[in-house]
Amino acid sequence: MSTVTRFAPSPTGLLHLGNIRTALINWLYAKNSGGKFILRIDDTDQERSKEEYISQIKYDLEWLGIDFDETFNQSSRFERYREEFEKLKSAGRIYACYETPDELERTRKLQMAAGGKQVYDRSALELSDQQKKDYELEGRKPHWRFLLQTERMRWNDLLKGEIDIDLTSLSDPVLFREDGVPLYTFCSAVDDIDFNITNVIRGDDHTSNTAVQIEIINALDKNKISFAHHALLKASSGDKLSKRDNVISIDSFREENIEPISILSLLSTIGTSKSIELKDSIQQIIDEFRLDTISTSPGRIETDVLKALNKKQVQKFEYDEVKTRLDKIDTNIDQKFWNTIKGNLDTVEDVAAWTDVVFKNNSFETEDKDYINLALELMPDEPWDDQTWTVWTNDIKERTGRKGRELFLPLRLAFTGLTHGPEMKLLIQLIGRNKILERTKN
RNA sequence: GGUCCCUUCGUCUAGCGGUUAGGAUAUCUGGUUUUCAUCCAGAAGAUCACGGGUUCGAAUCCCGUAGGGACCGCCA
Numbered sequence: 000m001s002t003v004t005r006f007a008p009s010p011t012g013l014l015h016l017g018n019i020r021t022a023l024i025n026w027l028y029a030k031n032s033g034g035k036f037i038l039r040i041d042d043t044d045q046e047r048s049k050e051e052y053i054s055q056i057k058y059d060l061e062w063l064g065i066d067f068d069e070t071f072n073q074s075s076r077f078e079r080y081r082e083e084f085e086k087l088k089s090a091g092r093i094y095a096c097y098e099t100p101d102e103l104e105r106t107r108k109l110q111m112a113a114g115g116k117q118v119y120d121r122s123a124l125e126l127s128d129q130q131k132k133d134y135e136l137e138g139r140k141p142h143w144r145f146l147l148q149t150e151r152m153r154w155n156d157l158l159k160g161e162i163d164i165d166l167t168s169l170s171d172p173v174l175f176r177e178d179g180v181p182l183y184t185f186c187s188a189v190d191d192i193d194f195n196i197t198n199v200i201r202g203d204d205h206t207s208n209t210a211v212q213i214e215i216i217n218a219l220d221k222n223k224i225s226f227a228h229h230a231l232l233k234a235s236s237g238d239k240l241s242k243r244d245n246v247i248s249i250d251s252f253r254e255e256n257i258e259p260i261s262i263l264s265l266l267s268t269i270g271t272s273k274s275i276e277l278k279d280s281i282q283q284i285i286d287e288f289r290l291d292t293i294s295t296s297p298g299r300i301e302t303d304v305l306k307a308l309n310k311k312q313v314q315k316f317e318y319d320e321v322k323t324r325l326d327k328i329d330t331n332i333d334q335k336f337w338n339t340i341k342g343n344l345d346t347v348e349d350v351a352a353w354t355d356v357v358f359k360n361n362s363f364e365t366e367d368k369d370y371i372n373l374a375l376e377l378m379p380d381e382p383w384d385d386q387t388w389t390v391w392t393n394d395i396k397e398r399t400g401r402k403g404r405e406l407f408l409p410l411r412l413a414f415t416g417l418t419h420g421p422e423m424k425l426l427i428q429l430i431g432r433n434k435i436l437e438r439t440k441n
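For the first sequence, numbering that gives the first Met the number 0 assigns the number 441 to the last residue and increments by one with no breaks.
Following this line, the structure appears as structure tokens:
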């Protein structure tokens with residue numbers, strides 16, 4: 000049977016390095032085994048879910064090159080959840096509860112103070128028909144809980160190994176809210192069955208939840224899903240990754256002109272036993288993917304590494320690959336320009352900083368006037384080639400006796416206004432004789 | 001408080017009873033580029049969280065302690 004994986008974000012915030020990693024792992028797992036990848040939007044909570052986040056999530060995935068074979072919103076399947084719910088109800092696995100959130104909160108606090116388990120006490124199970132009727136007359140509506148019957152839930156987690164959860168330490172999950180809205184724990188179980196999901200790979204934050212879900216799945220059908228839980232990523236500060244932390248949102252990286260392949264390269268190697276390096280292509284990442292290289296201990300993300308990877312990618316780019324982007328900055332940027340400058344860039348768009356250096360008619364202050372004037376006297380006529388600079392500076396060297404830094408830095412400074420940059424023998428060809436004269440006029 | 005998990009160079013990690021504890025990245029040094037970056041060569045960097053036990057022998061197995069993470073919702 001071919002694999003089916005899914006990524007199920009709730010559209011309540013932007014995608015960041017942490018949750019996109021989960022998406023990537025699921026996608027890679029599917030791709031690597033010739034399976035299917037489904038994007039499921041977990042939007043049952045209509046108050047917190049926002050349409051703009053749905054489109055943002057899809058756009059981010061697309062931008063990164065993570066495509067999906069199928070997508071749907073949980074909000075379109077309320078009827079189906081109701082149907083399955085009725086099934087469980089007639090099987091006696093569901094019971095009505097009438098506590099208000101306040102009452103539940105109070106009980107929890109009491110339990111905490113007493114040092115006991117903070118687990119729902121199932122007092123609704125004792126309710127007589129008359130008591131329920133009284134509640135309804137009071138205007139209370141029931142919410143519905145699933146009766147957990149397993150004491151210990153065990154499964155072989157593809158990443159964490161044998162897991163053994165004490166289900167008595169967990170509350171009976173609420174499946175339907177008082178207002179009739181089904182909750183994630185249930186919807187997810189129904190969907191995973193209906194869409195024939197074979198592998199659920201998700202963050203460690205779902206581990207104990209999985210125990211509950213397996214029991215629900217078993218009550219509906221028979222669980223055939225393999226679960227895998229990877230460790231969560233931490234920020235470089237050591238703090239947890241937050242949806243509100245826009246410093247690491249995919250959106251912010253796109254705005255900083257970080258390449259998708261740089262992000263993908265980082266995400267497919269960080270927190271794994273693989274070398275942290277820039278990958279040539281998405282295909283390479285797919286081919287090299289192995290679930291068992293992913294670590295079970297929480298690692299931290301160093302965003303500097305992402306910048307370094309991106310720099311490498313920029314230097315790899317051939318002119319044709321970035322031509323349209325360069326044209327947007329300045330149509331005068333040609334292949335020679337790009338090849339000369341790209342080694343000095345962190346992002347493709349940083350090239351903008353060099354258009355002035357090459358094209359603009361500005362002049363720079365120089366303290367070494369006599370030296371520069373001598374250099375200009377010796378400046379060869381055009382056309383210039385790769386040898387011009389060497390010939391020229393050799394002349395200057397002979398006439399002045401200068402060498403090394405003393406010889407070259409004043410020239411660079413006078414011609415470009417900068418103390419660093421691409422090789423001068425290439426750069427002067429871009430700038431040209433006229434502009435050099437212009438810049439050193441006064 | 002309960003439940004589950006984690007702890008090896010700065011960082012990400014390999015390691016499954018006998019290794020000079022390996023790699024990647026970052027750092028430093030030298031060379032190349034007469035700059036910066038790249039590239040090449042090399043160096044430094046880990047009392048394997050701590051304590052105890054099992055064993056001829058423990059990073060590796062067991063117990064405890066400490067630290068970290070996750071969850072304990074009518075969120076997902």
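Glycine included, every Cβ here is placed at the ideal spot set by N, Cα and C.
Spatial distance of residue i from residue j (CA atoms)
i      : j      : result
Asp171 : Lys88  : 14 angstroms
Asp333 : His419 : 22 angstroms
Lys229 : Leu158 : Looking at the sequence itself, residue 229 is His, so the reference to Lys does not match. If I take the Cα positions, the gap works out to 7 angstroms.
Gln386 : Phe407 : 16 angstroms
Lys440 : Asn256 : 38 angstroms
Phe6   : Ala22  : 5 angstroms
Cys96  : Trp143 : 6 angstroms
Glu82  : Pro141 : 18 angstroms
Thr4   : Asn198 : 5 angstroms
Ser272 : Trp154 : 25 angstroms
Thr149 : Gly160 : 20 angstroms
Glu348 : Thr354 : 11 angstroms
Arg121 : Lys278 : 53 angstroms
Thr184 : Glu276 : 38 angstroms
Leu63  : Leu263 : 7 angstroms
Gly33  : Asp66  : 14 angstroms
Glu85  : Gly91  : 10 angstroms
Ile281 : Ile260 : 7 angstroms
Ser187 : Asn208 : 11 angstroms
Ser54  : Asp42  : 13 angstroms
Asp133 : Asn195 : 43 angstroms
Asp101 : Gly114 : 20 angstroms
Contact belief for residue i with residue j at Cβ below 8 angstroms, rounded distance in angstroms
i      : j      : result
Ile284 : Leu27  : 7 angstroms
Leu345 : Asn309 : The sequence given here places Asp at residue 345; Leu does not occur at that position. Sure, about 7 angstroms apart at Cβ, within 8 angstroms.
Asn72  : Ile40  : 4 angstroms
Ala210 : Leu166 : 6 angstroms
Gln312 : Glu254 : Incorrect: roughly 17 angstroms between the Cβ atoms, too far for contact.
Asp367 : Pro421 : Wrong, their Cβ atoms sit about 22 angstroms apart, outside the cutoff.
Thr365 : Leu412 : 7 angstroms
Option nearest residue i by Cα separation, candidates the options
i      : options                           : result
Arg432 : Ile293, Val357, Lys368 and Asp394 : Val357
Ser296 : Thr346, Thr365, Asp319 and Gly202 : Gly202
Gly342 : Asp128, Lys233 and Glu317         : Glu317
Glu98  : Gly400, Glu137 and Phe363         : Glu137
Arg79  : Leu219, Gly91, Asn208 and Met152  : Leu219
Leu14  : Phe194, Asp59, Asp319 and Lys368  : Asp59
Glu405 : Ala374, Tyr183, Ile164 and Thr354 : Ala374
Thr2   : Asp68, Gly64 and Glu61            : Asp68
Gly12  : Gln312, Lys322, Glu422 and Ser248 : Ser248
Asp291 : Ala307, Gln314 and Ser267         : Ser267
Leu103 : Glu85, Lys57, Val173 and Lys86    : Val173
Lys306 : Lys335, Phe252, Ile196 and Val350 : Phe252
Ala227 : Gly179, Thr206, Thr106 and Ala29  : Thr206
Where residue i sits in the DSSP three-state scheme
i      : result
Trp383 : coil
Arg20  : helix
Tyr97  : coil
Ile328 : helix
Ser261 : helix
Val357 : helix
Leu147 : coil
His419 : coil
Lys49  : coil
Thr399 : helix
7 angstroms CB neighbourhood of residue i in its chain, flanking five on each side removed
i      : result
Ser235 : Arg299, Ile300, Glu301 and Thr302
Lys116 : Gln110 and Ser168
Asn222 : Ile213 and Ile216
Asn443 : Since the displayed the chain opens at 0 and closes at 441, residue 443 lies outside it and no answer follows.
Ile25  : In the sequence under discussion, the amino acid at residue 25 is Asn, which differs from the Ile named in the question. Excluding residues within five positions, the ones whose Cβ falls inside 7 angstroms are Thr4, Arg5, Phe6, Phe36 and Ile200.
Met152 : Ile164, Leu166, Ala210, Ile213 and Glu214
8 angstroms CB neighbourhood of residue i in its chain, flanking five on each side removed
i      : result
Val189 : Arg76, Arg79, Tyr80, Glu83 and Leu219
Glu437 : Asn360 and Ser362
Ile435 : Leu375, Met378, Phe414 and Ile427
Ala123 : Tyr94, Ala95, Cys96, Tyr97, Glu98 and Arg144
6 angstroms CB neighbourhood of residue i in its chain, flanking five on each side removed
i     : result
Tyr52 : Pro10
Arg47 : Thr11
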